[in-house]
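Comments concern the structure below.
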Amino acid sequence: MSIVIIRQDGKVALWKKALQEYDPSLEVYSYLEPHDKEKIKVALVWKHPEGSLKDYPNLAYIASNGAGVDFIFEDVSAPTHLPITRVVDEQLAIDMSEYVLAIILHNLKKLDVYKVNQTRKTWQPFPYKRIADVRVGILGLGVLGSQVAKDLENVGFKVQGWSNTRKDLKNIPSYAGKEELSAFLNISDILVCLLPLTKDTKGILNKQLFEQLPKNAFIINVARGGHLVDQDLRDAINNDQISGASLDVYHDEPLPKDHFFWTFDEIMMTPHYASVSDVKSVVPQIVENYKRMQANLPLLHLVSKNRGY
Ligand code: NAP
Ligand code: GLV
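Here my numbering is used: the first residue of the sequence shown is -8, the next is one more, and so on.
As structure tokens, this is what we get:
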């Protein structure tokens, strides 16, 4: 029995070493080194090359090396009839929360404007917004969205969330389902997307949604590029419906050099780094699941095939 790690971002060796240090009895292979495919029981994957999962005849389950699993379902040749697990990790949620807070404060206090003005030696103070006056809406009140919502509420923002099922979070009004989306959007000055990418959420950040936000709302997309209709964002900013956006995720990553985001003043970009699975924090749950599979116990953090997340 062994594990294969399939990811193309140069981090295979890091994860392999960490898994073997945590449990020296594990047999772990990079997908690029010689290995007996028949012996592989688990594929630990992050944006694996399409088709690379189909030749493991004895795979027991697929483990996403991140919180999202959209890239597994997108690979039509992947054996998605097998169980799929994902990362559910406190550190990942804390990192996301810190990132979102940083972006919001940066925006409220116009720090990017002052940086530009500094390069021009321009002294020009602007009015600023206060935390207590800002309403933040979180699309997706799951593991990450709930952490972000709670932390933002703790520092004084008015926070509400939207999800499939209603939540019970202190001081955080919960809106559920399509019927309540509009009411939720109407009171979100800043909208944070933390939904999984599924057939139901693809393209949700579009013209129709932007029009339901208060005028000059600000968008933060930290979920997946596929949630956003890029042209609709450009139009909404150009007609002042949306004041700007902060994006961490894109349809194609890395973002192609000729994409208009790169040079659009009202869009701030980071390179899909809002919260990254931390080796030390995540390895124990990967090993725990491997042992569970060997012992015929239920796996942790299973993805629902019906819901797609
Ligand atoms: P999660 O725990 O599965 O939470 C997903 C939330 O979205 C849940 O509250 C769910 O509602 C809600 N939801 C799903 N489909 C919906 C729909 N059609 N309508 C309304 N609500 C819907 O996921 P998570 O661990 O928080 O992660 C969320 C996403 O963040 C991941 O899928 C990934 O794409 C992204 N992510 C990005 C980064 C980054 O660095 N940028 C890092 C990690 C993760 P219910 O609670 O009612 O089911
Ligand atoms: C990162 O994007 C993740 O899904 O963990």
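For glycine and all other residues, C-beta sits at the position ideal for the given N, C-alpha and C.
Model, not experiment: these values are computed from the prediction.
According to DSSP, residue i sits in a beta bridge with which residue or residues?
{"i": "I195", "result": "Beta-bridge pairing links I195 to no other residue."}
{"i": "V33", "result": "I(-6) and Y52"}
{"i": "W153", "result": "L130 and Y166"}
{"i": "M284", "result": "Answer by DSSP bridge pairing: none, since M284 is not bridged."}
{"i": "I211", "result": "V183 and S237"}
{"i": "I75", "result": "I53"}
{"i": "L293", "result": "T76"}
{"i": "S21", "result": "I(-4)"}
{"i": "I302", "result": "Outside the displayed span of the chain (-8 to 300) sits residue 302, for which this structure offers no information."}
{"i": "L219", "result": "L196"}
Note down the Cα distance separating residue i from residue j, rounded to an integer number of angstroms.
{"i": "K120", "j": "I53", "result": "45 Å"}
{"i": "Q276", "j": "N207", "result": "42 Å"}
{"i": "T189", "j": "A265", "result": "20 Å"}
{"i": "I211", "j": "E65", "result": "24 Å"}
{"i": "A36", "j": "V273", "result": "Note on identity: in this sequence residue 36 is Val, with Ala being the wrong assignment. V36 and V273: Cα-Cα distance of roughly 13 Å."}
{"i": "S154", "j": "H26", "result": "42 Å"}
{"i": "P40", "j": "I(-3)", "result": "8 Å"}
{"i": "L224", "j": "K198", "result": "7 Å"}
{"i": "R314", "j": "V139", "result": "Any question about residue 314 goes unanswered here, given that the chain covers just -8 to 300."}
{"i": "I336", "j": "L23", "result": "Here the chain covers residues -8 to 300 and nothing more, so residue 336 does not appear."}
{"i": "F201", "j": "W114", "result": "33 Å"}
{"i": "V294", "j": "N98", "result": "35 Å"}
{"i": "L238", "j": "A286", "result": "42 Å"}
{"i": "G1", "j": "P116", "result": "44 Å"}
{"i": "S234", "j": "G194", "result": "19 Å"}
{"i": "L291", "j": "T110", "result": "51 Å"}
{"i": "D243", "j": "Y90", "result": "21 Å"}
Label residue i either buried or exposed according to how many other C-beta atoms from any shown protein chain fall within 10 Å of its C-beta, with 16 as the threshold for buried.
{"i": "H72", "result": "exposed"}
{"i": "S88", "result": "buried"}
{"i": "M284", "result": "buried"}
{"i": "K45", "result": "exposed"}
{"i": "N49", "result": "exposed"}
{"i": "G168", "result": "exposed"}
{"i": "G57", "result": "buried"}
{"i": "T192", "result": "buried"}
{"i": "A174", "result": "exposed"}
Using CA coordinates, which residue listed in the options is at the minimum distance from residue i?
{"i": "G59", "options": "N297, S268, R283 and E170", "result": "S268"}
{"i": "Y281", "options": "L246, K32 and P48", "result": "K32"}
{"i": "D256", "options": "L290, V104 and S55", "result": "V104"}
{"i": "P245", "options": "G235, A236 and G216", "result": "G216"}
{"i": "M259", "options": "A93, Q232 and V127", "result": "A93"}
{"i": "S16", "options": "S(-7), I95 and K28", "result": "S(-7)"}
{"i": "F148", "options": "I95, K28, K248 and D249", "result": "I95"}
{"i": "A236", "options": "K248, V220 and D243", "result": "V220"}
Going by the CB atoms, is the gap between residue j and residue i shorter than 8 Å?
{"i": "V19", "j": "L10", "result": "yes"}
{"i": "I129", "j": "V107", "result": "no"}
{"i": "H218", "j": "L204", "result": "no"}
{"i": "V(-5)", "j": "A34", "result": "yes"}
{"i": "L186", "j": "A214", "result": "yes"}
{"i": "S179", "j": "L132", "result": "no"}
{"i": "V278", "j": "D14", "result": "yes"}
{"i": "V146", "j": "I163", "result": "no"}
{"i": "K38", "j": "Q82", "result": "no"}
Does residue i have its Cβ less than 8 Å from a Cβ in chain C?
{"i": "N145", "result": "In the displayed structure, chain C is absent; only one protein chain is listed."}
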